[in-house]
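Student: Counted the way the numbering used here counts, the sequence shown spans residues 1 to 326.
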Amino acid sequence: MIRAKIAGTGSYIPEKVATNFDLEKFLDTSDEWIVSRTGIRERHIAAECQNASDLATEAARKALEMAGVAAEEIDLIIVGTITGEFTFPSAACMVQKNLGARRAVAFDVSAACSGFIFALANAVNYHRIGTVKRSLVIGSEIMTRTVNWKDRNTCVLFGDGAGAVVLSSEEGEGGILSTHLHTDGNYWELLYQLSGSASPSFLPEVEDQGRRFVKMQGNEVFKVAVKALSDVALEALAANGLTKDDLKLIFPHQANKRILDAIGKRLDLPSDKIFVNVDRVANTSSASIPIALDEANRRGLLAPQDLILLNAFGGGFTWGAALIRW
Ligand code: ACO
1 MIRAKIAGTG SYIPEKVATN FDLEKFLDTS DEWIVSRTGI RERHIAAECQ NASDLATEAA
61 RKALEMAGVA AEEIDLIIVG TITGEFTFPS AACMVQKNLG ARRAVAFDVS AACSGFIFAL
121 ANAVNYHRIG TVKRSLVIGS EIMTRTVNWK DRNTCVLFGD GAGAVVLSSE EGEGGILSTH
181 LHTDGNYWEL LYQLSGSASP SFLPEVEDQG RRFVKMQGNE VFKVAVKALS DVALEALAAN
241 GLTKDDLKLI FPHQANKRIL DAIGKRLDLP SDKIFVNVDR VANTSSASIP IALDEANRRG
301 LLAPQDLILL NAFGGGFTWG AALIRW
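Next up, the structure:
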């Protein structure tokens, strides 16, 4: 059987750091509140000259280098992002240009914090039907430009960054075993951001603020996210005749340490099986899972044949999982 295998991982996190103590200087908040409610201690902020496609390009270069694959060998580039610098062209088009990946077809996927998993599922299907042999799947976001820095309910939660994987079609039992995607648009109002020039003016904040920031009802998002992230993990395991005991590590979307703890409890998984880096990078939306995966990979935490699970949840609502034999 031909499967997509992860041949290389890469990530890019901007240099500039904003700690909770930095936020205390201009916001009615505290390090104690942010750490106890979210587990976040600091986030990284892109330089003014950087766009989501620049971060994506850096992450992709590192993934290509690890895979030993040249940009010209890539057939497909998919970027999960909601913060591309243009409405069009896509961030993926800019990455294709930056890398010189002349043969690659390139497009973006918009699924908020689930963007990487949705992009990955798309790419896996192209590999499965044989039209693609090598692809780049990237999650890249500059979330710190989407939040109102006067709104303590949202601005403390997010950070910037990008992560990438190179997929290669391989014969055998390993690789990406299955992907599972879900959507429920009925929840759109719990977490959204109005778009640029094409959005209708039926919501009051268009006139009130002039700028269009992320809006969120955190409590409600929290409850649905924990259930959806847990259920989709069990769905992926069941589809492959496996159980939670077979898992080496899971990489849930890094939104909030309390969400990660609640998933662990619901799935009855020990904390050392749940990868956590939200304390250092905050919620980087679609970049969060590939950044975490690259960190684990470069730290040598993954060995051949290990079973790992990626699961994400985001605005829409969207949620999904991928089960992988490393
Ligand atoms: N600093 C200090 N106080 C704050 C802050 C802050 N940064 N933010 C909110 N508060 C205050 C509120 O104003 C409120 O005060 P009040 O009681 O006087 O009205 C109080 O803290 C409690 O607010 P809640 O919103 O009820 O706090 P909660 O315990 O729910 O924590 C949080 C908020 C962290 C956002 C939580 O709901 C959460 O984690 N939700 C998940 C949402 C999420 O992670 N979204 C990311 C995008 S979606 C995704 O990635 C899955």
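C-beta atoms are modelled at their ideal positions from N, C-alpha and C, and glycine is treated no differently.
At a cut-off of 7 Å, would you count residue 259 as near ligand 1, judging by its Cβ distance to the nearest heavy atom?
Tutor: Answer for residue 259: yes, Cβ within range of ligand 1.
Student: I'd like the span of the beta strand (DSSP E) that includes residue 33, first residue to last.
Tutor: Careful: residue 33 lies outside any beta strand (DSSP E), inside the alpha helix (DSSP H) at 31 to 38.
Student: Quick check: the region 305 to 314 against the region 214 to 229, are at least 3 beta-carbon pairs closer than 8 Å?
Tutor: Segments in contact, yes.
Student: Who pairs with residue 319 in a beta bridge, going by DSSP?
Tutor: Per DSSP, 182 and 313.
Student: Identify the continuous beta strand (DSSP E) that holds residue 12 and give its terminal residues.
Tutor: Residues 2 to 12.
Student: Per DSSP, residue 250 forms a beta bridge with which residues?
Tutor: DSSP lists 274 and 309 as partners of residue 250.
Student: Taking Cβ positions, are residue 144 and residue 160 nearer each other than 8 Å?
Tutor: Closer than 8 Å, so yes.
Student: Among 83, 101 and 134, which one has its Cα closest to the Cα of residue 109?
Tutor: The shortest C-alpha separation from residue 109 is found at 83.
Student: Are three or more beta carbon pairs between the region 99 to 107 and the region 66 to 79 nearer than 8 Å?
Tutor: With the cut-off at 8 Å, the region 99 to 107 and the region 66 to 79 touch.
Student: Would you say residue 390 touches ligand 1, meaning its beta carbon is less than 7 Å from a heavy atom?
Tutor: What is shown of the chain runs 1 to 326, which leaves residue 390 out entirely.
Student: Using only alpha-carbon positions, find the residue among 113, 256, 295 and 284 that is nearest to residue 328.
Tutor: The chain is shown only over 1 to 326; residue 328 falls outside these bounds and no answer can be derived.
Student: What is the DSSP secondary structure of residue 103, reduced to helix, strand or coil?
Tutor: Residue state, collapsed to three classes: coil.
Student: Note the first and the last residue of the continuous beta strand (DSSP E) segment covering residue 16.
Tutor: Run containing residue 16: 16 to 19, per the beta strand (DSSP E) assignment.
Student: I want to know whether the region 84 to 104 touches the region 44 to 55 - three or more CB-CB distances under 8 Å.
Tutor: Touching, yes, given that three or more Cβ pairs across the two stretches are closer than 8 Å.
Student: Would you check if the distance between the CB atom of residue 117 and the CB atom of residue 320 is smaller than 8 Å?
Tutor: Result yes, Cβ atoms of residue 117 and residue 320 sit closer than 8 Å.
Student: Residue 305: buried (16+ other C-beta within 10 angstroms of its C-beta) or exposed?
Tutor: That one is exposed.
Student: What's the gap between the Cα of residue 151 and the Cα of residue 241?
Tutor: Computed Cα separation, rounded: 45 Å.
Student: In its own chain, which residues sit with a C-beta less than 7 Å from the C-beta of residue 18, not counting the 5 before and 5 after it?
Tutor: The residues are 42, 43 and 45.
Student: Classify residue 325 as buried or exposed, calling it buried when 16 or more other Cβ atoms lie within 10 Å of its own Cβ.
Tutor: Per the 10 Å Cβ criterion, buried.
Student: Using a threshold of 7 Å, is the CB atom of residue 43 nearer than that to any non-hydrogen atom of ligand 1?
Tutor: The answer is no for residue 43.
Student: Under the criterion of a Cβ to heavy atom distance below 7 Å, does residue 111 qualify as lining ligand 1?
Tutor: False, no ligand heavy atom lies under 7 Å from that Cβ.
Student: Express the C-alpha separation of residue 317 and residue 186 in angstroms, rounding to a whole number.
Tutor: Each residue's Cα considered, the two are about 8 Å apart.
Student: With a threshold of 7 Å on Cβ separation, who are the neighbours of residue 60 within its own chain once the five nearest residues in sequence on each side are excluded?
Tutor: Cβ neighbours of residue 60 beyond the five flanking positions: 10, 95, 99, 136, 138 and 164.
Student: For residue 112, tell me which candidate among 263, 309 and 216 has the shortest Cα-Cα distance.
Tutor: Among 263, 309 and 216, the Cα nearest to that of residue 112 is on 216.
Student: Tell me where the alpha helix (DSSP H) around residue 232 begins and ends.
Tutor: Its alpha helix (DSSP H) spans residues 218 to 239.
Student: Return the CA-CA distance between residue 148 and residue 154, expressed in angstroms with no decimal places.
Tutor: If you take the alpha carbons of residue 148 and residue 154, they lie about 7 Å apart.
Student: Rounded to the nearest angstrom, how far is the Cβ of residue 29 from that of residue 156, given a contact under 8 Å?
Tutor: About 6 Å; that satisfies the 8 Å criterion.
Student: If you measure between the beta carbons of residue 253 and residue 289, is that distance less than 8 Å?
Tutor: Going by C-beta atoms, residue 253 is nearer than 8 Å to residue 289.
Student: Roughly how many angstroms separate the alpha carbons of residue 244 and residue 273, rounded to a whole number?
Tutor: Cα to Cα, residue 244 sits roughly 10 Å from residue 273.
Student: Below 8 Å, can you find three or more Cβ-Cβ pairs linking the region 178 to 194 to the region 12 to 26?
Tutor: Flag = no, the region 178 to 194 and the region 12 to 26 do not touch.
Student: For residue 95, which three-state DSSP category applies?
Tutor: Three-state DSSP puts residue 95 in a helix.
Student: Taking 7 Å as the cut-off, does the CB of residue 148 come closer than this to any heavy atom belonging to ligand 1?
Tutor: No; taking the cut-off as 7 Å, the Cβ of residue 148 has no heavy atom of ligand 1 nearer than that.
Student: Which residue wins for smallest C-alpha separation from residue 166, given the options 260, 239, 101 and 69?
Tutor: Minimum Cα distance to residue 166 is reached at 69.
Student: Give every residue of the same chain whose Cβ lies closer than 6 Å to the Cβ of residue 31, excluding the five residues on either side of it in the sequence, and list them in chain order.
Tutor: Answer for residue 31: 20 and 21, listed in chain order.
Student: Where does residue 160 fall in DSSP's three states?
Tutor: Strand, per DSSP.
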